[in-house]
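Chains as they are written, first to last, in my numbering: chain S, 643 to 1019; chain U, 643 to 1019. Built from N, CA and C at the ideal position, the CB exists for glycine as well. None of the values given here were measured: they were computed from a predicted structure. Please read the structure below before turning to the comments.
Laid out in structure tokens, this is it:
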């Protein structure tokens, strides 16, 4: 089996599995308990919290909280300001639904962030759009569909230069651990991440806030410095720390490997007549590659590929129920008639060059089979 | 080491650890993914969801949702109705903070549920308090501090008889799996439970709703039937199912064992001069026993016990930061001057009669040591 859907969820890293297994067995106390077992876990969480702050070079004042998913983190960021219908917010329809859906329900005046024809955010146009009426800027570090990698730190700095009052949130889910970032500029107000996108377990995620959040998330026993009540799942927390540390330690090696896999895939099809790559390699994270297969529905390709034990995606998992026009694709400037022809491959540390070569050959064979079946090729 | 703080968090059951470990390794796909790996997990979650509905005998119409903690479940139940300052709500100050804190912030007119001198809810008085103005009733099935076990199904039926429009929520956290319940009466509007109180992992919990909830919890990719967005943590879900099934299968054996442990503890100190049991065994779940140690601060006892490797609690973990007067104890009719003298022992499946006997002897020795140190006994 070849799993090329790592942007939807990474298999748990071997070292994380070790840490998680031990902690599930040993660290069963409730960290709010008054005895030593509880207090020890409480103190360990505070050390882990600091570790997460260090990982992004967060200056004094930044807070880090554990949540149950990046969706929760993104929702929480949006709840920080009570946006009214007079407030102008800049966002992308290409953002994850956990950003777009609550923003679209917020009643605020939404303006879509302009993009170049190549899918990248148009920084100059965006900058010109920011006025004193602009109350929020929501940007995605690495687009989960296309892989577009944006310089979110620069975007945040420019936004704050134009309007120091603007709230800047970064969806860091597909970038955290895989790319380097620093919050030292103090320009990013909140930044979300998820454990299961970097080889940690599902059910744990996090968010950075530049200052104490104004609205707390869950009410009750006062956990997470009073901001998110509920028994913190210590084993998941320590497992996410291991995943983040492992990724940090191996970032450059991984980057090089992903580039190799990505390039191998692109090269194989570089002269193909029906497969094309709508976005440039140098604009994207090497962890994700998007392709368009002209004339063949991605649903059919996915079905054929999975019969060959190759698993990839047509769209982000959270948007997999969308049929027809896809707002993310539209925003990324993919012509509407091609939306049903998009495939996304996303690589993880467990994938080898051999996996990619095998997948390329299988995809080729699958396309020939489909072509024979439909007499179209 | 003897761990007698199972009401704060149970160690993970051996069979659950097996299921969880396998699932963490194998079930890494995102259940929202369009390929077979995702679809299989999606379908398995729907089967597990139905299993949870069956476990409480839920009639047609009931929904079950996975959440990240019982705090989240309890908060979600409270958000179902937009309570105003005109609305009267019945609750107990002895409830868990994830009920009391958001209710106290809701602005509604709160009335405390009356109790007998023995700490039980006074069903007749409660019934008389319910009028057409009463918009909500929040009751706890098993009090996490005293172990009081209430007939919540009967309370809900009576409430609905008095006012069919009343919203009835049951905090089922300390009862679920350990005691039998049926929702077949259709009188309970919502019911919360937690995995880590029954030998499942932390980070997963659930809630039953009688009808579709009116307010959704998290916005985004439409998971959990559109009610709680975010990638569902499949391994945690299947582990919680195993815990619930195991508890269901062994309920009577466990009940008998807990009664044995509970009685052994109570008997040992039945004629003790400074230890007393404020609540009757027959009113309480056998999983929890509360005691008062006259004249000795529970903090000091806990510290001495933990030096002997025995771990128990003075108050619920989520209230462990409360000093002085404890609203739960007050509500349970424990005189204020004894609040600092309360201990709570809570038993789990891993505890043996030997554990209890050893703990009794150690507690006795600890009290003698403290008495020698303070020349008081």
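- For a cut-off of 8 Å, the C-beta gap from residue 706 of chain S to residue 809 of chain S is around 18 Å, too long to register as a contact.
- For residue 782 of chain U, the uninterrupted beta strand (DSSP E) segment begins and ends at 776 to 782.
- Chain-ordered, the chain U residues with CB closer than 8 Å to the CB of residue 654 of chain S read 666, 667, 670.
- Within chain U, the residues whose beta carbon sits less than 8 Å from that of residue 944 of chain S are 676, 677, listed in sequence order.
- Excluding five sequence positions before and after residue 928 of chain U, the CB atoms of its chain that fall closer than 7 Å to its own CB belong to 897, 900, 901, 904, given in chain order.
- For the segment 698 to 722 of chain U, the residues whose beta carbon sits under 9 Å from a beta carbon of chain S are, in order, 709, 710, 711, 712, 713, 714, 716, 717, 720.
- If you draw a straight line from the Cα of residue 933 of chain S to the Cα of residue 799 of chain U, it is about 59 Å long.
- Taking the CA atoms as reference points, residue 974 of chain S sits about 21 Å from residue 907 of chain S.
- Fewer than three pairs of CB atoms, one per stretch, sit closer than 8 Å, so the segment 758 to 771 of chain U makes no contact with the segment 870 to 888 of chain S.
- Separation of residue 650 of chain U and residue 656 of chain U (C-alpha to C-alpha, rounded to the nearest whole angstrom) is 19 Å.
- Residue 891 of chain U counts as exposed, since fewer than 16 other beta carbons sit within 10 angstroms of its beta carbon.
- Residue pairing by DSSP puts residue 753 of chain U in a beta bridge opposite U:732.
- Check the Cα spacing between residue 729 of chain S and each of S:775, S:876, S:882: the tightest is with S:775.
- For residue 847 of chain S, the secondary structure class from DSSP, reduced to helix, strand or coil, is strand.
- Taking a Cβ-Cβ threshold of 9 Å, the residues of chain U close to residue 948 of chain S are 677, 678, 679, in chain order.
- Within the segment 823 to 846 of chain U, those residues whose Cβ lies closer than 7 Å to any Cβ of chain S are, in chain order, 838, 843, 844, 845, 846.
- The beta carbon of residue 857 of chain U is closer than 7 Å to those of 721, 722 in its chain, skipping five residues each way along the sequence.
- With distances taken between CA atoms, residue 990 of chain S lies nearest to S:838 out of S:838, S:859, S:941, S:950.
- Cβ contact annotation for residue 969 of chain S (same chain, cutoff 7 Å, sequence separation greater than five): 735, in chain order.
- At a cut-off of 7 Å between C-beta atoms, residue 740 of chain S counts as an interface residue with respect to chain U.
- By the neighbour-count criterion, in which 16 or more other beta carbons inside 10 Å mark a residue as buried, residue 868 of chain U falls on the exposed side.
- Apart from sequence neighbours up to five positions away, the residues of its chain that approach residue 864 of chain U with a beta-carbon distance below 8 Å are 871, ordered along the chain.
- Inter-residue distance for residue 673 of chain S and residue 873 of chain S is about 7 Å (C-alpha atoms, whole angstroms).
- Taking a C-beta distance under 7 Å as the contact criterion, residue 815 of chain U and residue 830 of chain U do not qualify as a contact pair.
- Here the C-alpha atom of residue 1016 of chain S lies approximately 12 Å from the C-alpha atom of residue 939 of chain S.
- At a cut-off of 7 Å between beta-carbon atoms, residue 953 of chain U makes contact with chain S.
- Secondary structure in the segment 680 to 721 of chain S: the alpha helix (DSSP H) runs of 4 residues or longer, each lying completely within the stretch, are 712 to 721 in chain order.
- By the criterion of a C-beta distance shorter than 8 Å, residue 759 of chain U is surrounded in its chain by 975, once the five residues flanking it on both sides are discounted.
- Between the alpha carbons of residue 717 of chain S and residue 985 of chain U lies a gap of roughly 40 Å.
- Using a Cβ-Cβ cut-off of 7 Å, residue 973 of chain U does not count as an interface residue toward chain S, since no Cβ of chain S sits closer than that to its own.
- Annotation for residue 812 of chain U: the continuous beta strand (DSSP E) segment containing it runs 809 to 813.
- Note: residue 953 of chain S is bridge-paired with S:645 in the DSSP secondary-structure output.
- Nearest Cα to residue 930 of chain U within the set U:659, U:825, U:842, U:817: U:817.
- Fully enclosed beta strand (DSSP E) runs of no fewer than 3 residues occupy 930 to 935 of the segment 880 to 949 of chain U, in order along the chain.
- Ranking S:663, S:861, S:804 by CA distance to the CA of residue 772 of chain S puts S:804 first.
- Under a 10 Å Cβ-count criterion, residue 951 of chain S is classified as exposed, with fewer than 16 other Cβ atoms of the shown protein chains found around its own Cβ.
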